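Read left to right, the sequence shown gives residues -19 to 265 (my numbering).
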Amino acid sequence: MIQSMTGFGKQVIQLPTKKITVELKSLNSKSLDLNARIPSLYREKELSMRNTIAKALNRGKVDFGLYVEITGEETSTQVNEAIVKQYINQLKNVVDGDETELLKMAVRMPDALKTEREEIDESEFTAIENALDLAIEALMEYRREEGAALKNDFELRIENISNLLAEVKQIDPERTVQIREKLEKAVSEIKEKVDEDRFEQELIFYLEKYDITEEKVRLANHLEYFVTTLNTPDSNGRKLGFICQEIGREINTMGSKSNFAPMQKLVVQMKDELEKIKEQVLNVL
């Protein structure tokens, strides 16, 4: 079953002093393009999280965000009391003022506040890993739903091309008669000026030139192969793209050989349906 590369997944976990949000968003891309936005505290675990995401999502332009909101009284920044007192004593030697004003000045001085480096709590990171797994699953479910919608659209447009191909087959005998009549009329004017052997050779050449039997057969096979690939267990957007190229090649050749206005109109409609397929195939994983 095909999957879209477009998806979104989000998971929120509430810890005793923190609210942590994991978000994943993906768009189409030829390969995996992963952009991560995480707090510096968790940088040492970034590679592990990237590997988890890459293994699960395979392709796409993926934005990964890890957001932490402190909800308790815990803080890693504290007042450096000894330094602040020294600043106040020095300021007293420079200016007269009450203690409150001097304190306001002192806490703005360098090193008045100190930040202690936090260490990652392993139980906390385990909770984050679980949240990441759930966010990935939510995104993949989104991809599967989008893929199902794409599959329905592809099947409809392949069916439209098949119906147009059936119309091509229906009017092909009329086209052949018209081409033969044109050739006979053209040759009748110069028949006495050419020998019979040369005439037969030219006639065979033009009949082969305008014959589209092989194109009709190959196009039907490519359409069937496209539908078969849609229903395989794995999603393979690249393969569908290659099949689209083959479908387009047969349609273009058919159009260049047709030399018949009603058939060329059908070919234009086929091309329109195929272009819509090709646009959406870019979104398939």
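Idealized CB from N, CA, C, for every residue including glycine. Since this is a predicted model, take the numbers as computed values, not measurements.
C-beta contact flag for residue i and residue j at 8 Å
| i | j | result |
| --- | --- | --- |
| ILE116 | LYS25 | no |
| SER6 | VAL42 | yes |
| ILE227 | PHE206 | yes |
| TYR186 | LYS237 | no |
| ILE108 | LEU254 | no |
| ARG155 | MET250 | no |
| LEU145 | LEU199 | yes |
| THR209 | ASN216 | yes |
| MET85 | GLY(-13) | no |
| LEU12 | GLY40 | yes |
| ASN38 | LEU265 | yes |
| GLN(-6) | VAL2 | no |
| THR233 | GLU188 | no |
Three-state secondary structure assigned by DSSP to residue i
| i | result |
| --- | --- |
| ILE50 | strand |
| GLU99 | coil |
| LEU12 | strand |
| VAL(-8) | strand |
| ASP43 | strand |
| LEU265 | coil |
| ILE0 | strand |
| ARG124 | helix |
| ARG155 | helix |
| VAL88 | The residue you asked about is not Val; residue 88 is Arg in the sequence shown. ARG88: coil per DSSP, three-state reduction. |
Integer-rounded CB distance, given that residue j should sit under 8 Å from residue i
| i | j | result |
| --- | --- | --- |
| ARG137 | LYS256 | 6 Å |
| ILE298 | VAL247 | Nothing about residue 298 can be reported from this structure: the residues present for the chain run from -19 to 265 only. |
| THR(-3) | ILE50 | 6 Å |
| ILE68 | LEU82 | 5 Å |
| ILE192 | ASP252 | No, ILE192 and ASP252 are not in contact; Cβ-Cβ is about 19 Å, not under 8 Å. |
Does the structure place the stretch 31 to 51 close enough to the stretch 115 to 132 that three or more beta carbon pairs sit under 8 Å?
yes
Counting Cβ pairs closer than 8 Å, one from the stretch 130 to 142 and one from the stretch -19 to 0, do we hit at least three?
yes
Report the residue ranges of all beta strand (DSSP E) runs contained in full by the stretch 56 to 81; include only those spanning at least 3 residues, in chain order.
57 to 59
Would the stretch 44 to 52 and the stretch 10 to 21 be scored as touching if the rule is three or more Cβ pairs under 8 Å?
Output reads yes: the stretch 10 to 21 touches the stretch 44 to 52.
Segments of 4+ residues assigned as alpha helix (DSSP H) that fall wholly inside the stretch 169 to 257
176 to 190, 193 to 210 and 217 to 238
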